[in-house]
Amino acid sequence: MSTCTRCGAEFGCAMAEGSAEPCWCTQLPPAVPVPQEALGCWCPACLQAHIAALARPLSAGS
Numbered sequence: 851m852s853t854c855t856r857c858g859a860e861f862g863c864a865m866a867e868g869s870a871e872p873c874w875c876t877q878l879p880p881a882v883p884v885p886q887e888a889l890g891c892w893c894p895a896c897l898q899a900h901i902a903a904l905a906r907p908l909s910a911g912s
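As structure tokens, then:
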């Protein structure tokens, strides 16, 4: 099991665990910019929330 560096949740990471199967994150859009302070894998919920936040257009006046 891996621990999300963003929220602390435990989750399975095939890459960190050395699994022969691809990790769940390989099914998500590639080349998602991750903040520099991120030092490890994020859980599915945090990574999907980050992708969704990047996809939202900025509000007028922001």
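Under the working numbering, the sequence shown has 893 at position 43, and the numbering climbs by one with no breaks.
Beta carbons: idealized from backbone N, C-alpha and C, even for Gly.
For residue i, count neighbouring Cβ atoms within 10 angstroms of its own Cβ and tell me buried if that reaches 16, exposed if not.
| i | result |
| --- | --- |
| R906 | exposed |
| C857 | exposed |
Using three-state DSSP, classify residue i as helix, strand or coil.
| i | result |
| --- | --- |
| E860 | strand |
| T876 | helix |
Quick check: what's the CA-CA separation for residue i versus residue j?
| i | j | result |
| --- | --- | --- |
| M865 | L904 | 24 Å |
| I901 | G868 | 25 Å |
| M851 | L889 | 16 Å |
| C854 | C863 | 10 Å |
| E860 | A870 | 20 Å |
I'd like to confirm something about residue i: is its beta-carbon nearer than 6 Å to some heavy atom of the ligand FAD, or not?
| i | result |
| --- | --- |
| A903 | Within the structure as shown, the ligand FAD is missing, as the structure has no ligands at all. |
Which residue marks the beginning of the alpha helix (DSSP H) containing residue i, and which one marks its end?
| i | result |
| --- | --- |
| C896 | 894-905 |
* Do the segment 862-875 and the segment 891-905 make contact, defined as three or more Cβ pairs closer than 8 Å? -> yes
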